[in-house]
Amino acid sequence: MNPTALRAGWSRGLIELRQSFTNGAELFSHFLWPVLMLAVMFFMRERSFGSSGLLLGTLALPGILGMNAGLGLVSMSQHLTADREDGTLLRAKATPHGMPAYLIGKVVYVSGSLIADLAIFLIPGLFIVEGLHVRAGSWPTLAWVLVLGLVATLPIGAVLGSVFTSARGQGLLQLPVMAMMAISGIFYPVTALPEWLQWVAQAFPMYWMGLGMRSALLPDGAVAIEIGESWRHLETAGVLAAWAVLGLLAAPVVLRRMARRESGSSMAARRDRALQRVG
Numbered sequence: 001m002n003p004t005a006l007r008a009g010w011s012r013g014l015i016e017l018r019q020s021f022t023n024g025a026e027l028f029s030h031f032l033w034p035v036l037m038l039a040v041m042f043f044m045r046e047r048s049f050g051s052s053g054l055l056l057g058t059l060a061l062p063g064i065l066g067m068n069a070g071l072g073l074v075s076m077s078q079h080l081t082a083d084r085e086d087g088t089l090l091r092a093k094a095t096p097h098g099m100p101a102y103l104i105g106k107v108v109y110v111s112g113s114l115i116a117d118l119a120i121f122l123i124p125g126l127f128i129v130e131g132l133h134v135r136a137g138s139w140p141t142l143a144w145v146l147v148l149g150l151v152a153t154l155p156i157g158a159v160l161g162s163v164f165t166s167a168r169g170q171g172l173l174q175l176p177v178m179a180m181m182a183i184s185g186i187f188y189p190v191t192a193l194p195e196w197l198q199w200v201a202q203a204f205p206m207y208w209m210g211l212g213m214r215s216a217l218l219p220d221g222a223v224a225i226e227i228g229e230s231w232r233h234l235e236t237a238g239v240l241a242a243w244a245v246l247g248l249l250a251a252p253v254v255l256r257r258m259a260r261r262e263s264g265s266s267m268a269a270r271r272d273r274a275l276q277r278v279g
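Residues in the sequence shown are numbered from 1 upward in steps of one, following the UniProt record's numbering.
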């Protein structure tokens, strides 16, 4: 990677991240989702899961951390599609090292935004939810699961963002992502689902990110309601690494192909189609 592109991308990402916390609308969006999830935690805090003695709020909090981190895939896709539609990608393509710098900046921005949102949710959540077991080893586990999870999901998000030609098409992405959330043990242990759905959930990174977060924050006895009664750290690292390799191999190829096809005429055609739909 060219050092100039790295420096430009890093600076670009930090500028976008700083702007997102000084813009009223974006600042509101940073707090909206964490506050809604904290409200869910508050109402779930006294409800228990079966005869396990564990509270649903205790089980759900680390799962929500994993879910929010996994939603970086959607955020990356949406940003790339929007920038493609308004010509930002075309301008990046026209400058030296523009595309690598753009992608680095977007990764810095999306990752920084996610980490901030997770902190907004986690810090008050630790006081609202009872039964968590935060220890010295919790923070390193949270860190490696989060980093590996972002590497596994952000490249896939970039690939999906290059596939959709307009922001309207992003609605097609929301449905499968919501389905993954529903079966990934975020709000309810995955072992309560039919066995075939458990296998489907384990094919995607969101389940493993949630499992890794639960292993860091839940008491040792909570492992009894997980698949195989194990936190399966090796499997977590293996599946997330496999998704990371897949994304890192596919993203450069797909993005280069998309950048080659991007031109002023193609952007004008998309704009004309959008205006016809509005008209």
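For every residue, glycine included, the Cβ atom is placed at its ideal position computed from N, Cα and C.
| With burial defined as no fewer than 16 other Cβ atoms inside 10 Å of the residue's Cβ, what is the status of S230: buried or exposed? | exposed
| query | Can you name, in chain order, every residue of its own chain whose Cβ lies under 6 Å from the Cβ of P155, other than the five neighbours on each side? | reply | G247, L248, A251
| Taking three-plus beta-carbon pairs below 8 Å as touching, is the segment 87-95 in contact with the segment 136-149? | No, they do not touch.
| field | Secondary structure of L55, DSSP reduced to three states | value | strand
| said: Does S48 come out as helix, strand or coil in the three-state DSSP assignment? | reply: strand
| Taking C-alpha atoms, which residue in H79, P62, E85, L54 lies nearest to M37? | P62
| said: Can you tell me whether T4 is buried or exposed? The criterion is at least 16 other CB atoms within 10 Å of its CB, across all chains shown. | reply: exposed
| query | Which whole-angstrom value is the C-beta distance of I104 and G9, which I expect to be below 8 Å? | reply | 3 Å
| query | Are V129 and M258 touching if we call contact CB-CB under 7 Å? | reply | No, Cβ-Cβ distance for V129 and M258 is not below 7 Å.
| Using the beta-carbon count (16 or more within 10 Å), is Q78 buried or exposed? | buried
| message | For residue 282, tell me which candidate among F21, Y188, L173, R261 has the shortest Cα-Cα distance. | response | Here the chain has residues from 1 to 279 only, and residue 282 is not among them.
| Chain-order list of residues whose beta-carbon lies under 7 Å from that of G197 (same chain, five-residue window excluded) | Before going further, note that residue 197 is Leu rather than Gly in the sequence given. Hits under 7 Å: I183.
| message | Rounding to the nearest angstrom, what Cα-Cα distance links G221 and G131 in this structure? | response | 11 Å
| request: Return the Cβ separation of L255 and S162 in integer angstroms, given the expectation that the two are a contact with Cβ distance under 8 Å. | output: 6 Å
| Distance between L217 and I64 (C-alpha atoms, nearest Å) | A direct Cα-Cα distance of roughly 12 Å separates I64 from L217.
| request: Excluding the 5 residues preceding and the 5 following P100 in the sequence, name in chain order all residues of the same chain whose CB lies nearer than 6 Å to its CB. | output: So the qualifying residues of the chain are A5.
| query | Can you tell me the Cα-Cα spacing of Y109 and E85, whole angstroms? | reply | 19 Å
| query | For L32, is the classification buried or exposed, using 16 other Cβ atoms within 10 angstroms of its Cβ as the cut-off for buried? | reply | exposed
| task | Give the secondary structure of G221 by DSSP, where H, G and I count as helix, E and B as strand, and everything else as coil. | result | Three-state DSSP puts G221 in a helix.
| Which class does G131 belong to by DSSP, given the choice of helix, strand or coil? | coil
| Can M44 and M181 be called in contact, C-beta distance under 7 Å? | no
| For V278, is the classification buried or exposed, using 16 other Cβ atoms within 10 angstroms of its Cβ as the cut-off for buried? | For V278, the pLDDT reaches just 48, beneath the cut-off of 50, and the residue's location in the model is therefore unreliable, leaving the point undetermined.
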